[in-house]
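Everything below concerns the one structure shown next.
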Amino acid sequence: MSKKDYRQWMPVKASINNSPDRPVGFRERDIWICSIGENVGFEEDGKGSKFARPVLILRTYGAFMCHVVPLSTTPKRGAYYYLFDGGTGKESVALLTQSKVIDSSRLKRKIGVIKANDFQSIKRMIRALLRL
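The numbering of the sequence shown is my numbering, which starts it at 1448 and goes up by one.
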């Protein structure tokens, strides 16, 4: 595993935290660009200067928090991934083991909505993964 340099992420993180801007109207099934950050170990990172990537909103917790699943266009198969038509001409992959609760200030812009049947399948698969 390569070493990460968090010095570029920290000012972006501080800017997000100190910004009064918050998105309104985010809902379950929405796909948003999200500043997910530079994370630890094998946790999924964002890309580019804003450390962003698309995420699927699984559940909302009021106006300030939501549970998301990071998305990728890198083909992956298996019990930890769900492939679906992201509406961009490329298949999207939900990274099921990477779901996390985030503050809504990380959400930057809505880029789509997942089909209802795909959303239900993702929720079913995550429930199955979390059975202890």
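For every residue, glycine included, the Cβ atom is placed at its ideal position computed from N, Cα and C.
Among the residues of its own chain, which have a CB less than 7 Å from the CB of K1451, if the five just before and after it don't count? E1485
So what does DSSP say about D1492, is it helix, strand or coil? coil
Helix or strand or just coil, what does DSSP make of S1462? helix
Less than 9 Å between the beta carbons of K1482 and G1472, yes or no? Rather than Lys, the amino acid found at residue 1482 in this sequence is Ser. Taking 9 Å as the Cβ cut-off, S1482 and G1472 do not qualify as a contacting pair.
Whose C-alpha, out of G1559, T1544, R1506, is nearest the C-alpha of Q1567? R1506
Residues of its chain near I1561, where Cβ-Cβ distance is below 7 Å and the 5 sequence neighbours each way are ignored: R1476, I1478, L1503, F1531
Between which residues of its own chain and Y1527 is the CB-CB distance below 6 Å, once the five residues before and five after are set aside? L1543, T1544
Label S1539 either buried or exposed according to how many other C-beta atoms from any shown protein chain fall within 10 Å of its C-beta, with 16 as the threshold for buried. buried
Counterpart residues of A1541 in DSSP-defined beta bridges: L1518, Y1529
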